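Residue numbers (the numbering used here): 140 to 491.
Have a look at the structure below, then the notes.
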């Protein structure tokens, strides 16, 4: 109706309601993040319909979360599912039915997108600038001896550091997307209802704390941590549980068997605040090698097993030549070099 304003009147306009009451939100490694109009009967594959068209190449197809907020108590509930199954097998349990205000979180799979999906396919490489001599002579900083390095087999310490930084960035990306969910689950915890979180450590790709989904099972928890690492020991793992008894907490340790749990030959009931530790293989080793130079019959880089001695490796290299002077041999180790460099840096700082 019409209303005549008079001098001194005050007009107040209420803000528009910012809550999304009839939408579904998508976060993370989707090509189009944001909100989608909710239609009753919608499922996951109605929002994410095609792997190639709707997901980035870096999307983790085996671990995604559906976060739902109950209206009355305003508490979050988390469901875990596989995007691959939801899209490729619409009748599977992973194709979860959606409700208004649901949020889907899609995580990073750890692929280095810059390397594998480089946009510029016609990058010109200066061959002369990339070539380097096969052998170079350098002065050993520890012993002062002149040694010959095989640059083709030399461990690229700088490259290894780059890889570790890349892995760290991928882990940080995963943690960044999980952070608001974990904080909310911790905030809604009470004395009688602990935060619905679980920890996965040890020989997995992304150790850390993860939301405990409604329908929890061992494989889902390992998928959340990115899967087993190559050195994982599948014959046995450990679960640590802290339980309140009267006015104190008791810590109990349970032995579980990953291979049997995954194959369905046994079951284990996980609860909030459990900590899963995936053990590494007892005799697992990687890139244990030693380089022999100089007066041996077959110089080169030799892989060795734990327990082997230097004399064992020299014997495998055919032994010494007749020109060898064993008493004047020089032994150098990368870790010792790094320690010596750190000591020199410390001395330089102290002298300044």
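Yeah, the Cβ is synthetic: ideal placement off N, Cα and C, and Gly gets one too.
Note that the structure is a prediction, hence the values are computed from the model and not measured.
Residue 313 is positioned such that its CB atom lies closer than 9 Å to that of residue 247.
By the beta-carbon neighbour count (other beta carbons within 10 angstroms, threshold 16), residue 330 is exposed. The beta carbon of residue 203 sits closer than 6 Å to the beta carbons of 220, 222 and 245 from its chain, once the five residues preceding and following it are set aside; these are given in chain order. Taking 4 residues as the shortest admissible run, the segment 163-188 contains the following complete alpha helix (DSSP H) segments, listed from N- to C-terminal end: 183-186. A direct Cα-to-Cα measurement between residue 243 and residue 487 gives close to 54 Å.
The shortest CA-to-CA distance from residue 362 to any of 413, 344, 372 and 376 is the one to 344. Secondary structure at residue 227: helix, using DSSP grouped into helix, strand and coil. Under the DSSP definition of a beta bridge, residue 220 partners with 203. Spanning the alpha carbons of residue 349 and residue 321 requires a straight line of approximately 7 Å.
Across the structure, residue 152 and residue 229 are spaced so that their CA atoms are roughly 47 Å apart. If you keep only unbroken alpha helix (DSSP H) runs of at least 4 residues inside the segment 347-416, you get 357-363 and 397-402. In the displayed model, residue 436 falls within coil according to three-state DSSP, outside both helix and strand. As computed with DSSP, residue 442 is found in a beta bridge with 428. The beta carbons of residue 240 and residue 177 sit closer together than 9 Å. DSSP places residue 478 in the uninterrupted alpha helix (DSSP H) bounded by 473-490. Beta-bridge analysis with DSSP links residue 452 to no other residue. The way I'd put it, the segment 393-413 does touch the segment 334-344; three or more beta-carbon pairs between them come closer than 8 Å.
Taking one beta carbon from each stretch, the segment 446-453 and the segment 472-489 have fewer than 3 pairs nearer than 8 Å; the two do not touch. With fewer than 16 other beta carbons inside 10 angstroms of its own, residue 210 counts as exposed. Counting along the chain, residue 193 sits inside the alpha helix (DSSP H) bounded by residues 190-193.
Cβ-Cβ separation between residue 452 and residue 464: approximately 18 Å, too far for a contact (criterion under 8 Å).
By the C-beta criterion, the segment 159-171 is judged to be in contact with the segment 185-204, since at least 3 inter-stretch pairs fall below 8 Å. Taken atom to atom, the span from the alpha-carbon of residue 458 to that of residue 422 is near 28 Å. Sequence-distant partners of residue 327 (beyond 5 residues in either direction) whose C-beta falls short of 6 Å from its own C-beta, in its chain, are 214. In the three-state reduction of the DSSP assignment, residue 465 falls in the helix class, which pools H, G and I.
For the pair residue 431 and residue 456, the CB atoms are nearer than the 9 Å cut-off. Here the alpha carbon of residue 443 sits roughly 47 Å from the alpha carbon of residue 319. Residue 416 sits away from residue 469, with the two beta carbons spaced by 9 Å or more. Put simply, the backbone Cα of residue 472 is about 27 Å away from that of residue 490.
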